[in-house]
Amino acid sequence: MVALMSLMVQKRTAILMQKLMARIFALRSIAALVQRQVTLLLIALSKLARMLLILVIRTLILAVLLLVGKRFA
905 MVALMSLMVQ
915 KRTAILMQKL
925 MARIFALRSI
935 AALVQRQVTL
945 LLIALSKLAR
955 MLLILVIRTL
965 ILAVLLLVGK
975 RFA
């Protein structure tokens, strides 16, 4: 009787461990996907920041050229 109960407990424990391992694997997969998406987002944001910086520099150069042009006109 005790052996049978012990076997049932072991079986339940094994099933719970399988479920737990499956959940851990799923969470790791989700974490890897999230990490990849965050990396892609950071790359896109850095490209956007670079483009905005170039735009600001070009605008400043254009403003300086316009001011210089008005002085000599």
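Residue numbers (the numbering used here): 905 to 977.
We put the CB at the ideal spot given by N, CA and C, even for glycine.
Hey, quick one: how far does the alpha helix (DSSP H) through MET921 stretch, first residue to last? 906-976
May I have the straight-line CA-CA distance separating LEU937 from ALA967, to the nearest angstrom? 45 Å
Please report how far the alpha carbon of ILE965 lies from the alpha carbon of LEU931, in whole angstroms. 51 Å
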